[in-house]
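Chains A and B, in that order, are what the protein sequence lines are.
Start counting the first sequence at 5; every next residue gets the next number (the working numbering).
Start counting the second sequence at 5; every next residue gets the next number (the working numbering).
Note that the Cβ used here is the ideal one computed from N, Cα and C, for glycine as well.
There are 2 protein chains.
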Amino acid sequence: MKDVNGLDIPTFDDVIAAQDRIRPYIHRTPILTSSFLNEMAGCEMFFKCENFQKAGAFKVRGATNAVFGLSDEMAARGVATHSSGNHALSLSYAAGRRGIPCHVVMPRAAPQAKKDAVRGYGGIITECEPSTTSREEVFARVEAETGADFVHPYNDPRVIAGQGTCSLEFMEQMEEHGAPVEMMVAPIGGGGMISGTCLTLSHIAPKVQIIAAEPEQADDAARSFRAGHIIADDAPVTVADGLKVPLKERTWHFVSNHVTDILTASEQEIIDAMRLTWARMKIVMEPSCAVPLAVILRNRDVFAGKRVGVVVTGGNVDLDKLPWMQG
Amino acid sequence: MKDVNGLDIPTFDDVIAAQDRIRPYIHRTPILTSSFLNEMAGCEMFFKCENFQKAGAFKVRGATNAVFGLSDEMAARGVATHSSGNHALSLSYAAGRRGIPCHVVMPRAAPQAKKDAVRGYGGIITECEPSTTSREEVFARVEAETGADFVHPYNDPRVIAGQGTCSLEFMEQMEEHGAPVEMMVAPIGGGGMISGTCLTLSHIAPKVQIIAAEPEQADDAARSFRAGHIIADDAPVTVADGLKVPLKERTWHFVSNHVTDILTASEQEIIDAMRLTWARMKIVMEPSCAVPLAVILRNRDVFAGKRVGVVVTGGNVDLDKLPWMQG
């Protein structure tokens, strides 16, 4: 950890420590390739399949690093977060593996399936009203009553260091695939995965270009990148529901210092790319994970002839409601 | 190859030769595990993901072995088959890699998507009427006119030897997973995959029990197994549409000599297992591939506490028509 203008920013040593710490609890996910998609895109893509990860998403890396980095005394009081997505599942999973409580504050109106999933991993849900005020009030009460350690979904140095293990593992695995990659593409929402990618690659492979992929309809990171400061949108609407949250100061540190570019794709392009991946690669991935492929297909010139790593971030999707079946 | 009562039966040497021959053209597919499904089933399962295979199914192993085993002179005349399923795709793929024609006889009424898929891999379709007589007539004509080599979907020693490379590769990969498996489960239709599995395992791991998994509604192999001779059903109806075809003499040789048991599952159990795998393992698999898991969940006592290999045979499925969304 280092101090950058008063912020605790993780270093590559933290990524190495995280890799050792979380190894017993996570999958070493495979890299898949598709010559059909390569031909279509005009580049050679290597998909790091974190949709096969424990709890169904890369987020388990950061959550597990946070949970297993706690002292026994701290751990005994548990961990807490507010999220209704993959971070809540991941933190519940990690806490369960350590045998400590995980408190999750979720809106009363969140889908039953999401509540069931969190409870399925052992998370303890406290409901709030669907406003930021209520969420913050309820969360503060849970924190005060339990003494649980708050693990933010992305603006937490332990989480960013944990996400950094993904590209570390990827680069190790690429040794079996001939030459290394020249570019790495990952979706960007709050920026946890991209920050971990920046942290690792800027250290071990600084020439690799890092491209963040974002829905056109939730392009706050792209606009922030061009403006030179964080722009946060209020409730953007996109099928890529994992990517609606804004950058925060720690992820902005990495995005502003290490990302090569942020490219966007339309809703239809995202849905088409999602369906294409299901059909040709036979993997179940979330809409958010399809954004990198959508961006690559839209910007063929940027990626032409390159070896490109693609992070498939998660596979938690409602199988009864697939986006190409709606409307 | 050896002669058994006048039949050309492949030997383990043919599997080794096949592995070398097809290596440049196929994927070394990963093994995935799911602690959730293990807990549910009460055994430890290792899923060999042939749904990620080239052309989307294990069938490319046998087809590629047949195509690349041809002399240049034979190859120049091409290959031919009658199938509207994964074998047609696989043979078209393999022929395309060798740069030779692949003739596929298909019913005029076959779904457009299947025709498009075969053509997408370079297959040349000749249409027939939806009767066995018409199919045989048309096929004989195509064979006579082209001199193409007939590659049967499963009752062909080259195909069986090719499918045998799947468990060979699986057993090699299991060295990274601690102990080897004690049981191996694969779906059974015509018996090509099961025969290849028997061929390989009876040679390198004869103690491994081989369980064939079949839909209750297309249980001709199970009934054949108990009767001691081939029973062929006429047009069984099951969601597992890859498993409707009957055993033939070469696959019966392996099934009758090496299979430990054939277990069945109901249509609903197959659909439930399919959905469960999509939801928890994040992989797109065909209904046929879900039959092994369905059988394991139905017969927990048979598999209790065991290490079990499961062949996920293919992932070619209509994404607009998922069985849990119908009726």
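Proximity test, Cβ basis, 9 Å: residue i and chain C
| i | result |
| --- | --- |
| R279(B) | Of the protein chains in the structure, A and B, none is chain C. |
Cα-Cα separation between residue i and residue j, rounded to whole angstroms
| i | j | result |
| --- | --- | --- |
| V83(A) | G73(A) | 12 Å |
| L36(A) | T242(A) | 27 Å |
| F16(A) | G200(A) | 9 Å |
| D237(A) | S171(B) | 52 Å |
| I274(A) | N42(A) | 17 Å |
| E180(A) | R32(A) | 14 Å |
| P219(A) | A231(A) | 18 Å |
| M187(A) | I214(A) | 6 Å |
| A333(B) | C47(B) | The structure shown does not extend to residue 333(B), since chain B is modelled only from 5 to 331, so the question has no answer here. |
| T169(B) | S206(B) | 13 Å |
| T68(B) | D18(B) | 13 Å |
| V316(B) | E133(A) | 44 Å |
| I20(A) | F51(A) | 22 Å |
| A70(B) | A152(B) | 12 Å |
| E54(A) | A148(B) | 51 Å |
| D12(B) | H156(B) | 14 Å |
| T85(A) | H107(A) | 6 Å |
| Q221(A) | K248(A) | 9 Å |
| R81(A) | P105(A) | 7 Å |
| S135(A) | V146(A) | 17 Å |
| V163(A) | G196(A) | 7 Å |
| R254(A) | N159(A) | 6 Å |
| N303(B) | A269(B) | 9 Å |
| V312(A) | A308(B) | 43 Å |
| F143(A) | M175(B) | 50 Å |
| V263(B) | L297(B) | 18 Å |
| H257(A) | A114(B) | 56 Å |
Closer than 9 Å to chain A by CB, residue i
| i | result |
| --- | --- |
| D324(B) | yes |
| M44(B) | no |
| G331(B) | For G331(B), the predicted model reports a pLDDT of 48, less than 50, meaning its position is unreliable and no value from the coordinates is stated. |
| H31(B) | yes |
| M175(B) | no |
| A283(B) | yes |
| V295(B) | no |
| M197(B) | no |
| K286(B) | yes |
Helix, strand or coil at residue i [DSSP, three-state]
| i | result |
| --- | --- |
| M5(B) | coil |
| Q213(A) | strand |
| F174(A) | helix |
| R65(A) | helix |
| K118(B) | helix |
| K58(A) | helix |
| A84(A) | strand |
| A190(B) | strand |
| M289(A) | coil |
| A269(B) | strand |
| F53(B) | One point to set straight first is that residue 53(B) is Cys, not Phe, in the sequence displayed. C53(B): strand per DSSP, three-state reduction. |
| L280(A) | helix |
| E48(A) | strand |
| G127(B) | coil |
| G313(A) | strand |
Top-ranked residue by Cα proximity to residue i, from the options
| i | options | result |
| --- | --- | --- |
| H91(B) | N42(B), M49(B), F154(B) and S135(B) | F154(B) |
| V306(A) | G10(A), A45(A) and R27(A) | A45(A) |
| A216(B) | R145(B), V299(B), I164(B) and T136(B) | V299(B) |
| G318(A) | F174(A), L203(A) and A61(A) | A61(A) |
| R25(A) | I208(A), R102(A) and G124(A) | R102(A) |
| Y29(B) | E77(B), A99(B) and K6(B) | A99(B) |
| E271(A) | T264(A), I287(A) and D245(A) | D245(A) |
| D322(A) | P291(A), Y125(A) and R81(A) | P291(A) |
| D265(B) | F229(B), I235(B), F174(B) and M285(B) | F229(B) |
| C202(A) | Q167(A), L301(A), V8(A) and R65(A) | Q167(A) |
| R139(B) | V109(B), G126(B) and A117(B) | V109(B) |
| R227(B) | G193(B), Q57(B), D76(B) and T150(B) | G193(B) |
Min CB distance residue i to chain B below 9 Å
| i | result |
| --- | --- |
| F56(A) | yes |
| P34(A) | yes |
| A298(A) | no |
| T68(A) | no |
| V146(A) | no |
| M289(A) | yes |
| S39(A) | yes |
| G103(A) | no |
| G127(A) | no |
Heavy atom of the ligand NAP within 8 Å of residue i beta-carbon
| i | result |
| --- | --- |
| Y158(B) | Absent from the structure shown: the ligand NAP. Ligands present: none. |
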